[in-house]
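Here the structure comes first, spelled out in structure tokens, and everything after it is commentary.
Numbering (my numbering), first residue to last: 15 to 333.
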């Protein structure tokens, strides 16, 4: 019996694939070679999840892999109409990044509440600037995105005494629907973007939205860069519509050295690192190997993406 062919989009071998020796043939592709190698692959592992190569190569001729796995939570960079119309199963790395991202968000909220950016600036200036800071207990947060990342953020913020409202696409039990977002955001101290990128969420954080927030509010986006209209956020900060913001994801990555976002007052910029704790590549490799073992045995795969929605739906969402 011929061993299945795993095609890896990345020339840098992922860890842990050695465990599949003798059970699969592993080949590697980059953006230039992917289209020519796709017809010979049974499985595509999108290890370079920052690439648009899948979306560009998939519409070509020949057979296509039966399973595509991306080593990321978001799938927007690989989806295209041809893939959506195919019988190919798409899975993501759900389960790897949730806790690290939630810890990062909690760190940002604490940093803003305790004015740590100002403390570091005063230290650089050798200035003794005593002042009062904000208590977290009793403040209000709105987390936009009710998937695993949003729920983990809610759990950690709750542990800090923050009252959290979770907003998802569909209202159910303790989760608000998008129709409640404006009302909740208008009274929030912290607004956290953790939603997937879809046609419905693209550009949802815009001038109209920032105009709803309190002048004391802070905004954090750890979802997808295109959720935020960056120019509108920059203007809201310059005009002091809101007190501060942090972006870990951007419309174009990496953020260019000449981007005006670097100089926006009270904006903390980080390089898409909120989910990347030590050992994260090993965990992604282990996850894929475990999923491959299920796939090769004919078992159902976890983390199957609903192509129509653009993410892995939660089990408590009604059809």
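Positions of the beta carbon are idealized from the N, C-alpha and C atoms, including for glycine. If you're wondering where the values come from, they're calculated on a predicted model, not measured in any experiment.
key: Span of the beta strand (DSSP E), counted from its first residue to its last, around residue 204   = Reading the chain shown from its first residue, position 190 is the one you call residue 204. Residues 204-207.
request  = Given a cut-off of 8 Å, decide if residue 59 and residue 23 are closer than it, judged by their beta-carbon atoms.
outcome  = Translated into positions along the chain shown, residue 23 becomes position 9. Translated into positions along the chain shown, residue 59 becomes position 45. Yes, they are a contact pair.
task = Using only alpha-carbon positions, find the residue among 85, 66 and 294 that is nearest to residue 113.
result = In the chain shown, the residue the question calls residue 113 occupies position 99. Per the Cα distances, 294.
ask   = DSSP on residue 334, reduced to helix/strand/coil?
value = Look at the range of the chain in this structure, 15 to 333, and you will see that residue 334 is not part of it.
key: Nearest candidate by alpha-carbon position, reference residue 212, set 321, 139, 106 and 258   = The sequence position of residue 212 within the chain shown is 198, counting from 1. With distances taken between Cα atoms, residue 212 lies closest to 321.
inquiry  = For the pair the region 121-140 and the region 67-87, tell me if three or more CB-CB distances fall below 8 Å.
reply    = no
query = What residue from 252, 287, 292 and 258 has the CA that sits closest to residue 274's CA?
reply = On the chain shown, position 260 is the one that residue 274 refers to. Comparing Cα positions, the closest option is 252.
ask   = How would you call residue 308, buried or exposed, if buried means at least 16 neighbouring beta carbons within 10 angstroms?
value = Counting from 1 along the chain shown, the entry for residue 308 is found at position 294. Exposed, because fewer than 16 other Cβ atoms sit within 10 Å of the Cβ of residue 308.
Pairwise C-alpha distance: residue 39 and residue 20 = Residue mapping note: residue 20 aligns to position 6 of the chain shown, counting from 1. Residue mapping note: residue 39 aligns to position 25 of the chain shown, counting from 1. Taking the straight line joining both Cα atoms gives about 6 Å.
task = Assuming residue 202 and residue 231 form a contact by the criterion Cβ under 8 Å, report the distance between their Cβ atoms to the nearest whole angstrom.
result = On the chain shown, residue 202 is found 188 positions in, with the first residue counted as 1. On the chain shown, residue 231 is found 217 positions in, with the first residue counted as 1. Indeed, because the Cβ distance is near 6 Å, the residues count as touching under 8 Å.
message = Which complete alpha helix (DSSP H) runs does the region 115-166 hold, if anything under 4 residues is left out?
response = 130-138
key: Where residue 166 falls, given that 16 or more other Cβ within 10 Å makes a residue buried   = Here residue 166 refers to the residue found at position 152 of the chain shown. By the 10 Å Cβ count, residue 166 comes out buried.
message = Could you check whether residue 69 and residue 102 sit closer than 8 Å to each other, using their CB atoms as the reference points?
response = Here residue 102 refers to the residue found at position 88 of the chain shown. Here residue 69 refers to the residue found at position 55 of the chain shown. Taking a C-beta distance under 8 Å as the contact criterion, residue 102 and residue 69 do not qualify as a contact pair.
query = Of the residues 289, 18 and 245, which one's Cα is nearest the Cα of residue 236?
reply = Taking the chain shown and counting its residues from 1, one reaches residue 236 at position 222. Minimum Cα distance to residue 236 is reached at 289.
task = Identify which residue in 250, 109, 259 and 224 has its Cα closest to the Cα of residue 129.
result = On the chain shown, residue 129 is found 115 positions in, with the first residue counted as 1. Checked all of 250, 109, 259 and 224; the closest Cα to residue 129 is 259.
ask   = In this structure, does DSSP put residue 90 in helix, strand or coil?
value = If you number the chain shown from 1, residue 90 lands on position 76. Reduced to three states, the DSSP call for residue 90 is coil.
ask   = Which residues mark the beginning and the end of the beta strand (DSSP E) in which residue 177 is found?
value = Here residue 177 corresponds to residue number 163 of the chain shown, with the count starting at 1. Where residue 177 is concerned, the enclosing beta strand (DSSP E) stretches over 177-181.
message = So, with DSSP's three-state summary, where would you put residue 172?
response = For the purposes of this step, residue 172 is taken as the residue at position 158 of the chain shown. Looking at residue 172 - three-state DSSP - the assignment turns out to be helix.
query = Taking all protein chains shown into account, do 16 or more other C-beta atoms lie within 10 angstroms of the C-beta of residue 66, making it buried, or fewer, making it exposed?
reply = In the chain shown, counting from the first residue as 1, residue 66 sits at position 52. Only exposed fits residue 66, as fewer than 16 other CB atoms lie within 10 angstroms of its CB.
inquiry  = Taking 6 Å as the limit between beta carbons, can you name the residues of its chain near residue 98, skipping five residues before and five after?
reply    = On the chain shown, residue 98 is found 84 positions in, with the first residue counted as 1. Around residue 98: 321.
request  = Note down, one range per segment and in chain order, each alpha helix (DSSP H) of at least 4 residues found wholly within the region 248-322.
outcome  = Taking only runs of at least 4 residues, the alpha helix (DSSP H) segments lying wholly in the region 248-322 are 294-310.
task = Identify, in the order they occur along the chain, each residue of the same chain with its Cβ nearer than 7 Å to the Cβ of residue 73, setting aside the five sequence neighbours on each side.
result = Translated into positions along the chain shown, residue 73 becomes position 59. Cβ within range, chain order: 94 and 96.
ask   = So what does residue 235 bridge to, in DSSP terms?
value = As a first step, residue 235 must be located in the chain shown, where it is residue number 221. 207 and 261.
message = On a Cα-Cα basis, can you pick out the residue from 229, 242, 223 and 329 that is closest to residue 217?
response = In the chain shown, the residue the question calls residue 217 occupies position 203. The shortest Cα separation from residue 217 among 229, 242, 223 and 329 belongs to 242.
request  = Please classify residue 56: is it buried, with 16 or more other beta-carbons within 10 angstroms of its beta-carbon, or exposed?
outcome  = For the purposes of this step, residue 56 is identified with residue 42 of the chain shown, where counting begins at 1. Buried, because 16 or more other Cβ atoms sit within 10 Å of the Cβ of residue 56.
inquiry  = Taking a contact to mean a Cβ-Cβ separation below 8 Å, would you say residue 30 touches residue 317 in this structure?
reply    = Sequence index remark: in the chain shown, residue 30 carries index 16 (1-based). Sequence index remark: in the chain shown, residue 317 carries index 303 (1-based). For the 8 Å CB-CB criterion, residue 30 and residue 317 do not form a contact.
key: Alpha-carbon to alpha-carbon, residue 183 and residue 323   = Taking the first residue of the chain shown as 1, we reach residue 323 at position 309. Taking the first residue of the chain shown as 1, we reach residue 183 at position 169. In a straight line, the C-alpha of residue 323 is about 10 Å away from that of residue 183.
message = Measuring only the C-alpha atoms, how far is residue 64 from residue 91?
response = Position 50 of the chain shown holds residue 64. Position 77 of the chain shown holds residue 91. C-alpha separation (whole angstroms): 7 Å.
ask   = In the DSSP assignment, what residue or residues form a beta bridge with residue 103?
value = On the chain shown, residue 103 is found 89 positions in, with the first residue counted as 1. Answer by DSSP bridge pairing, in chain order: 81.
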